[in-house]
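Protein chains in written order, with full-length UniProt numbering: chain E, 1 to 342; chain G, 1 to 342.
There are 2 protein chains.
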Amino acid sequence: MSVNLKQLAEALGISQTTVSRALNGFPEVSEKTRRKVLDMAQQLNYSPSPHAKKLATGKSKTIGHVVPQSDHMMINPLFSDFIAGVGEVYSGAGYDMLMSIVPRAQEENTYHKLIASKRVDGMMVHAPLVNDTRIALLQKLKMPFVVHGRSADDDDSYSWLDINNRRSFERATRFLADLGHRRIGLLNGLESMTFAQRRRMGYMDALKEAQIDADPQIMFSEDMMEPYGYRCMHKMLALANPPTAVLCSSILPALGALRAIQEAGMEPGRDISIVTHDDMLSFLSNSGDIPMFTALRSSIKAAGKRCAEMLIDAIENPGMEPSHELWETELVIGGSTGPARS
Amino acid sequence: MSVNLKQLAEALGISQTTVSRALNGFPEVSEKTRRKVLDMAQQLNYSPSPHAKKLATGKSKTIGHVVPQSDHMMINPLFSDFIAGVGEVYSGAGYDMLMSIVPRAQEENTYHKLIASKRVDGMMVHAPLVNDTRIALLQKLKMPFVVHGRSADDDDSYSWLDINNRRSFERATRFLADLGHRRIGLLNGLESMTFAQRRRMGYMDALKEAQIDADPQIMFSEDMMEPYGYRCMHKMLALANPPTAVLCSSILPALGALRAIQEAGMEPGRDISIVTHDDMLSFLSNSGDIPMFTALRSSIKAAGKRCAEMLIDAIENPGMEPSHELWETELVIGGSTGPARS
DNA sequence: CGAAAAATTCAAAGCGGTTTGAATTCCAAT
DNA sequence: ATTGGAATTCAAACCGCTTTGAATTTTTCG
């Protein structure tokens, strides 16, 4: 059914060395032999054993993703869209994706093991924390990696791809302020993640510029899930002085907020405005001529693709300088915003 | 930092053979030597090379998942919860998860390659189709696998875990009929998948029993996404004779339907009833004292865990009979259902 | 034509484990 | 003290590929 290198070499009456080199495109093998080898390989249905190859070369053609279990990430649908993007690129480039789902406590150990055992040639880092130990660890172990997001602002010693969260939220907040809103709520993500911190900064920047005082009563920070949006919106609507607009960190809490709003008999875009960050989750499309939500849009799947490209680049060109990409989001006007009612 | 078997053997002044056997728990090594070996291994921080091991044994301790890209599955958040469950079990049992995201056209070829190259010891099959070629393929190649779902009803020649979709939907439909509803809409999943077919049968069974004629105008079958629920609900509400209740195949379209209902100024549970299948997606919890939706509930993450256990069992005990589990769903009464208004 | 240079090809030594078949060691029984 | 068998241990082959260093063939050119 399928032969190994030795058999292939014997069938050709040529040494294994030459066959191996012919197959791997080494220059010192004559075109004539290479043709013969390639033909015979095809004919005998030769396929190299990845295990043997890994053992011999030390390279695994595999990229690792370690996901802390019971964290709110795997759990998070953003993750699957990101993985979808990443995975397409990997398999296009002949890389395997190794996914480890481990308890938080074993996370660091898992990195060590994956690397020590040479099971991976590179790692993708998700959802960086404010002071993320994974980055230091990977740098110490000299393992190529790319971070989706950034840890500290000024640290360019590793490769990352991020969106301009601060500018994005500043822009959205200003957009609302320009519409006349003076009470703007914030349903942010977990502020232990750097992206959420930056978003809040952008929000604060814009408030300050518009000379609006921030009010902790209408600022929240939690995991970006639907019920969170519902619960907090509900709470805000019960205030003596409810917001006339809210800014959401993801379309999930936005849906929750929408539910609370509609339940209260209010109409979004007229009675209250919503702007949300939109990761373009494939199962929750916010599109159409007039999208349901006014949104800051940036495809998380596209980010996944680009991260994968960057990582493969780094793996295949060791010694390369780290690269960085800061993507701007697009502000799409949808049906959920309108002027403040006076 | 870390040694290999040879170095470990040398340090002990013992042959590699014995060291290997001591480490792998063979009976023919004396307890005294085993202790010494284990201690020294610990001390020298020995960790076996998985590549070498794979090459020597032919086993990979890896389980493969191939996900067709641009299919609506990766895309589907159900998938990530399932993977979360599966992944926990894998890493607990020392297995790696290999995930391949490939174009539909390369799917079959990917199975062949993964198996021929011995990169995986078993495969998990997602979302079986009505006549699924993957199953036949895996059987032919004698690769252990478990199907999440079932293909044909009467085929017990492979291992699967499924929920009783037919009974579940029959029960829900009857529940609505018992509440006096005579016009019950169906927002089903894609009926090229077997689970959706079974759900529809259950629905039809109950309608028949209640002597209600099925009406194609209020029966839909699409990918289970939010906008789908919204769109179809909107359409149904515009009918001269709109349904008084709907049955949804997932909480995502249920959310969409809810949005349409609220937008129409109606109140769920009073003006119109919704029952939905609930996979207990971790980011969309439908819980609380009175859950938002009346739901047929079955944790997809728990299913993932069990599937993983079954698969590992099958891998480690070759020649085992295939096993099957048919889970019943739980009917949880939430706030979205009430008697039909007359 | 012959020697030096260049282009190919090769045998053998890894990579780091497992496993076979033979060689030792140990111990009870003669 | 022998001896035979059970209990341990070992050297070497093997898994399938890459790569080094030497050998061979081909080409180039005085």
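Here a beta-carbon is modelled for each residue, glycine too, at the ideal position from N, C-alpha and C.
As an exercise, report each continuous beta strand (DSSP E) stretch of at least 3 residues that is fully enclosed by the segment 131-187 of chain G, in chain order. Here the runs fully enclosed are 145-148, 159-163.
Report the partner residues of proline 68(G) according to the DSSP bridge assignment. Working through the second sequence from its first residue, we reach residue 68(G) at position 68. DSSP lists Val102(G) as partners of proline 68(G).
Could you give the first and the last residue of the continuous alpha helix (DSSP H) run that contains glutamate 222(E)? By 1-based counting over the first sequence, the position of residue 222(E) is 222. For glutamate 222(E), there is no enclosing alpha helix (DSSP H), since its DSSP letter is neither H nor E.
Using 7 Å as the limit for Cβ to Cβ distance, is glycine 202(E) near chain G? Taking the first sequence and counting its residues from 1, the one referred to as residue 202(E) is at position 202. Output row for glycine 202(E): interface = no.
Quick one: list the residues of chain E neighbouring serine 91(G), beta-carbon separation under 7 Å, in chain order. Counted from its first residue, the second sequence places residue 91(G) at position 91. Correct list: Ser100, Ile101, Val102.
Per DSSP, what kind of secondary structure is valine 37(G) in: helix, strand or coil? For the purposes of this step, residue 37(G) is identified with residue 37 of the second sequence, where counting begins at 1. Correct three-state label for valine 37(G): helix.
Kindly indicate which three-state DSSP category glutamate 263(E) falls into: helix, strand or coil? For the purposes of this step, residue 263(E) is taken as the residue at position 263 of the first sequence. Correct three-state label for glutamate 263(E): helix.
Proximity test, Cβ basis, 7 Å: phenylalanine 283(G) and chain E: Locating residue 283(G) in the second sequence gives position 283, counting from the first residue. Chain E, which has a Cβ nearer than 7 Å to the Cβ of phenylalanine 283(G), makes this yes.
Taking the alpha carbon of isoleucine 162(G) as the point to measure from, which residue in Tyr95(G), Val332(G), Gly304(G) has its own alpha carbon closest? The residue you call residue 162(G) lines up with position 162 of the second sequence. This sequence places aspartate at residue 162(G); isoleucine is not what is there. Nearest option by C-alpha distance: Gly304(G).
Since I believe lysine 301(G) is in contact with methionine 280(G) (beta carbons under 8 Å), could you give me their beta-carbon distance rounded to a whole number of angstroms? The residue labelled residue 280(G) in the question sits at position 280 within the second sequence. The residue labelled residue 301(G) in the question sits at position 301 within the second sequence. Correct: roughly 7 Å between the Cβ atoms.
For alanine 93(E), report the span of its alpha helix (DSSP H) as first-last. Here residue 93(E) corresponds to residue number 93 of the first sequence, with the count starting at 1. Per DSSP, alanine 93(E) belongs to no alpha helix (DSSP H) and is neither H nor E.
Would you report the Cα separation of asparagine 317(E) and leucine 296(G), rounded to the nearest angstrom? For the purposes of this step, residue 317(E) is identified with residue 317 of the first sequence, where counting begins at 1. For the purposes of this step, residue 296(G) is identified with residue 296 of the second sequence, where counting begins at 1. Pairing asparagine 317(E) with leucine 296(G), the inter-Cα distance amounts to about 52 Å.
Residue closest to alanine 52(G), alpha-carbon to alpha-carbon, out of Gln217(G), Leu5(G), Arg259(G): In the second sequence, counting from the first residue as 1, residue 52(G) sits at position 52. Ranked by Cα distance from alanine 52(G), the first of Gln217(G), Leu5(G), Arg259(G) is Leu5(G).
Residues in the segment 295-321 of chain E having any Cβ partner in chain G nearer than 8 Å: Per Cβ criterion, the list is empty.
Along chain G, which residues have their Cβ under 8 Å away from the Cβ of glutamine 262(E)? By one-based count along the first sequence, residue 262(E) stands at place 262. Taking a Cβ-Cβ cut-off of 8 Å, the neighbours of glutamine 262(E) in chain G comprise Arg259, Gln262, Glu263, given in sequence order.
Report yes if the C-beta distance between glycine 256(G) and phenylalanine 195(G) is below 7 Å; otherwise report no. Along the second sequence, read from residue 1 onward, the residue named residue 256(G) stands at position 256. Along the second sequence, read from residue 1 onward, the residue named residue 195(G) stands at position 195. No; because the gap between Cβ atoms is not below 7 Å, this pair is not in contact.
Contact check, isoleucine 274(E) vs alanine 254(E) under 8 Å by CB: the rounded distance? Position 274 of the first sequence, counted from the start, is the residue given in the question as residue 274(E). Position 254 of the first sequence, counted from the start, is the residue given in the question as residue 254(E). Correct: roughly 6 Å between the Cβ atoms.
Candidates Ile251(G), Ala172(G), Leu258(G), Ser70(G): closest to alanine 205(G) by CA position: Along the second sequence, read from residue 1 onward, the residue named residue 205(G) stands at position 205. Note that residue 205(G) is aspartate in the sequence shown, not alanine. The shortest C-alpha separation from aspartate 205(G) is found at Ala172(G).
Would you please verify whether the beta carbon of aspartate 278(E) is less than 7 Å from any beta carbon of chain G? Position 278 of the first sequence holds residue 278(E). Aspartate 278(E) is outside the set of residues whose beta carbon lies under 7 Å from a beta carbon in chain G.
Among His112(E), Leu8(E), Ala210(E), Asn165(E), the one whose alpha carbon lies nearest that of glycine 64(E): If you number the first sequence from 1, residue 64(E) lands on position 64. Shortest Cα-Cα distance from glycine 64(E) to any of His112(E), Leu8(E), Ala210(E), Asn165(E) involves His112(E).
Which residues DSSP lists as bridging leucine 129(G), in chain order: Position 129 of the second sequence, counting from 1, holds the residue named residue 129(G). Paired residue(s): Met193(G).
Note down the Cα distance separating glutamate 28(E) from serine 47(E), rounded to an integer number of angstroms. For the purposes of this step, residue 28(E) is taken as residue 28 along the first sequence, with counting starting at 1. For the purposes of this step, residue 47(E) is taken as residue 47 along the first sequence, with counting starting at 1. It is roughly 22 Å from the alpha-carbon of glutamate 28(E) to the alpha-carbon of serine 47(E).
Under DSSP, the beta strand (DSSP E) around isoleucine 115(G) begins and ends at which residues? On the second sequence, position 115 is the one that residue 115(G) refers to. Premise fails: isoleucine 115(G) lies in the alpha helix (DSSP H), 107-116, not in any beta strand (DSSP E).
State the Cα-Cα distance for the pair asparagine 131(E) and aspartate 155(E), rounded to the nearest angstrom. Position 131 of the first sequence holds residue 131(E). Position 155 of the first sequence holds residue 155(E). In a straight line, the C-alpha of asparagine 131(E) is about 11 Å away from that of aspartate 155(E).
Return no unless some Cβ of chain E is closer than 7 Å to the Cβ of lysine 54(G). In the second sequence, counting from the first residue as 1, residue 54(G) sits at position 54. Using a Cβ-Cβ cut-off of 7 Å, lysine 54(G) counts as an interface residue toward chain E, since at least one Cβ of chain E sits closer than that to its own.
Would you check if there are 3 or more beta carbon pairs closer than 8 Å linking the segment 176-194 of chain G to the segment 232-247 of chain G? Verdict: yes, contact present.
Does the separation of the CB atoms of tyrosine 230(E) and arginine 259(E) fall below 7 Å? By one-based count along the first sequence, residue 230(E) stands at place 230. By one-based count along the first sequence, residue 259(E) stands at place 259. Yes. Within cutoff.
For isoleucine 212(G), the three-state DSSP class (helix, strand or coil): Here the question's residue 212(G) lines up with position 212 in the second sequence. In the structure shown, isoleucine 212(G) sits in coil (DSSP, three-state: anything other than H, G, I, E or B).
Helix, strand or coil for arginine 297(E)? Go by DSSP, reduced to three states. Stepping through the first sequence from its first residue, residue 297(E) is reached at position 297. Arginine 297(E) falls in the strand class under three-state DSSP.
Length at least 3, wholly inside the UniProt domain "HTH lacI-type" (3-57) of chain E: the beta strand (DSSP E) runs in chain order: Within the UniProt domain "HTH lacI-type" (3-57) of chain E, no complete beta strand (DSSP E) run reaches 3 residues.
Span of the alpha helix (DSSP H) around glutamate 226(E): For the purposes of this step, residue 226(E) is identified with residue 226 of the first sequence, where counting begins at 1. Start and end: 226-237.
Straight-line gap, methionine 310(G) to methionine 193(E) (C-alpha atoms, nearest Å): Residue 310(G) sits at position 310 when you count from the first residue of the second sequence. Residue 193(E) sits at position 193 when you count from the first residue of the first sequence. Taking the straight line joining both Cα atoms gives about 36 Å.
State the DSSP-derived secondary structure class of leucine 281(E), mapped to helix, strand or coil. Counting from one through the first sequence, the residue named residue 281(E) turns up at place 281. Note: leucine 281(E) maps to coil in three-state DSSP.
Methionine 204(G) (DSSP reduced to helix, strand or coil): Here the question's residue 204(G) lines up with position 204 in the second sequence. Residue state, collapsed to three classes: helix.
Just grab the DSSP bridge partners of glutamate 330(E) for me. Along the first sequence, one-based indexing puts residue 330(E) at 330. For glutamate 330(E), DSSP records a beta bridge to Arg297(E).
Please confirm if serine 80(E) has its CB atom under 7 Å from at least one CB of chain G. As a working note, residue 80(E) is residue 80 in the first sequence. At least one chain G Cβ lies under 7 Å of serine 80(E).
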